[in-house]
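In this note's numbering, the protein residues as written are -15 to 460.
First up is the structure itself, then whatever we jot down about it.
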């Protein structure tokens, strides 16, 4: 019995119990287990964290135990296969009265191949099959590690299963938005016929992006598909309003209706203007707003995921239609971020929680701080925390990317909040700010859309504050 047979059997069992096929992580865990790899080694192949792989593995063994009616663990999985001459599984029912896995027989001839577990970025079989969608994620970056985001992944998966058309994932730089979305793809890939990932880092014009998407969805057959004609009683009729153009949005919607597609757009903030309120499009990019709105409101079963530092203006009104539009605000890792310090080899574990709170569990910020602690303070966290400035060179650069995008009114509000000793109310505009009440509230709203200020609830009072690290940056 070779690895392919083991995976086929496992896939049938998992599908019979859960209605889902093996995803990339489960596949890699099974392959790695048969090759006697540790969870850490498997995680390295997947660009994930050992804790996440271990959690997925725990659920996988429980499901296989139920299907095989044997106690299966990572330690005994290979032995169970080698010691059992025949497995007979009766009537594993999946789907609508479809029987698979009935009287599945596995012979004792067991031969483990040397093939390594594959990465989510390099599918073993790039050609589409009955179970494998066409995937193009060449624009996605390489992710070195992934931390446990089980609840966020579950939320996103539930939205996709409920046919949400537009999902926005918001978060500050380094919080893990891209890594989360890459980790989501293996879990939901079988829900789609096509999956395409495109970065807006270079701010492509909408027409260029739409042509690229249409070429992929049509398998390079067309860039300007015609709009389907309207008819009544077999006779073609003219629409009451001008039809969508052959290409562009009309072509994209045409394919989103013909197939279940997932389109992922990363770095959406690059199409917004700097020194303007959040979500203000650059001149010539306003049609992106129409694009997002039409995808949310048009009738289709596909999904568009936006990954951004700030929320597009259209999203706020679209969120009222929860079936069509949802937003996930990605926050820090919390205590799960301790894994960063373990991997870095930092001592003084009693100080780790203080570091996590200081940088709000942002993985990139914590990695940057940990590297500085090792390099400049010989790993001594106490010395680092007692230093005058907690925002050093690399971290200062990361924060500067956010602040150079702010309008003048936002900068005034941020400076005022950074000098407050505790969260404050905004029911009245501070007298020292040279802003009208309307300008003040618009600036606060815009900063919230950028996630640069936090809302703190105290009883029935709503207060606002700036993260400590951001305040340190502003006051340095």
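The beta carbon of each residue, even a glycine, is placed where N, CA and C say it ideally should be.
It should be emphasised that the depicted structure is a prediction, and the values quoted were computed from it without experimental measurement.
CB contact check: residue 336 to chain D, cutoff 8 Å: Given the protein chain composition of this structure (a single chain), no chain D is represented.
Same chain, Cβ closer than 6 Å to residue 462, neighbours up to 5 away in sequence not counted: Absent from the model: residue 462. The displayed extent of the chain is -15 to 460, so no value can be given.
The alpha helix (DSSP H) enclosing residue 10, as first and last residue numbers: Where residue 10 is concerned, the enclosing alpha helix (DSSP H) starts and stops at 8 to 18.
Every unbroken alpha helix (DSSP H) inside the region 317 to 362 [4 residues or more]: 322 to 328, 336 to 342, 347 to 360, all fully within the region 317 to 362.
Neighbourhood of residue 453 by C-beta, 8 Å cutoff - its chain only, sequence neighbours within 5 removed: Excluding positions up to five away in sequence, the list reads 342, 343, 344, 349, 374, 375, 379, 383.
Cut-off 7 Å between Cβ atoms - residues of its own chain near residue 143, not counting five sequence neighbours on either side: The beta carbon of residue 143 is closer than 7 Å to those of 151, 310 in its chain, skipping five residues each way along the sequence.
Residues bridged to residue 313 (per DSSP): Bridge partners of residue 313: 154.
Sequence-distant residues of its chain with Cβ nearer than 6 Å to residue 364 (five each side left out): Excluding sequence neighbours, residue 364 sits near nothing in its chain.
Beta bridge counterpart(s) of residue 265 as assigned by DSSP: The partner list for residue 265 (beta bridge, DSSP) reads 256.
Where the beta strand (DSSP E) containing residue 438 begins and where it ends: Residue 438 -> beta strand (DSSP E) spans 438 to 442.
Residue 269 classed as buried or exposed, judged by whether at least 16 other C-beta atoms fall within 10 angstroms: It is buried - the Cβ of residue 269 has at least 16 other Cβ atoms within 10 Å.
Top-ranked residue by Cα proximity to residue 179, from 160, 326, 200: With respect to the C-alpha of residue 179, the residue from 160, 326, 200 having the closest C-alpha is 200.
Sequence-distant residues of its chain with Cβ nearer than 8 Å to residue 303 (five each side left out): The residues are 309, 310, 311.
Touching by the beta-carbon criterion (3+ pairs, under 8 Å), the region 174 to 190 and the region 312 to 326: Contact fails: fewer than three Cβ-Cβ distances are below 8 Å.
Cβ-heavy atom distance, residue 259 to the ligand HEM, below 7 Å: In terms of ligand content, the structure shown is empty, and the ligand HEM therefore cannot be addressed.
Segment contact flag, the region -9 to 4 with the region 43 to 53, C-beta cutoff 8 Å, min 3 pairs: Of all C-beta pairs linking the region -9 to 4 to the region 43 to 53, three or more are shorter than 8 Å, placing the two stretches in contact.
Backbone secondary structure at residue 130 - three-state DSSP: Three-state result, residue 130: coil.
Residue 184, enclosing alpha helix (DSSP H) - first and last residue: Looking at the DSSP string, residue 184 is not in any alpha helix (DSSP H), and its letter there is neither H nor E.
Residue nearest to residue 371 in terms of C-alpha spacing, selected from 385, 386, 381, 353: Out of 385, 386, 381, 353, 353 has the C-alpha closest to the C-alpha of residue 371.
Three-state class that DSSP yields for residue 276 in the structure shown: Helix, per DSSP.
Contacting residues, own chain, Cβ-Cβ under 6 Å from residue 55 (five flanking each side not counted): Here the set comprises 49.
Straight-line gap, residue 177 to residue 118 (C-alpha atoms, nearest Å): Taking the Cα positions, residue 177 is about 6 Å away from residue 118.
Three-state secondary structure assigned by DSSP to residue 408: Three-state result, residue 408: strand.
First and last residue of the uninterrupted beta strand (DSSP E) at residue 120: Where residue 120 is concerned, the enclosing beta strand (DSSP E) starts and stops at 118 to 120.
Residue 7, buried or exposed, once every other Cβ within 10 Å from all chains shown has been counted against 16: That one is buried.
Contact set for residue 292: own chain, Cβ-Cβ below 7 Å, skip 5 residues either direction: Result list for residue 292: 152, 154, 252, 253, in chain order.
Check whether residue 255 and residue 284 have beta carbons under 8 Å apart: Their beta carbons are not under 8 Å apart, which means residue 255 does not touch residue 284 by this criterion.
First through last residue of the beta strand (DSSP E) which encompasses residue 445: Bounds of the beta strand (DSSP E) holding residue 445 are 445 to 449.
Exposure of residue 381, with buried meaning 16 or more beta-carbon neighbours within 10 Å: When all chains shown are included, residue 381 counts as exposed.
Nonlocal neighbours in the same chain, by C-beta distance under 7 Å from residue 81, ignoring five residues either side: No answer about residue 81 holds up, because its pLDDT of 36 lies below 50 and its placement is not dependable.
Local Cβ density within 10 Å of residue 58, reported as buried at 16 or more and exposed below that: Buried.
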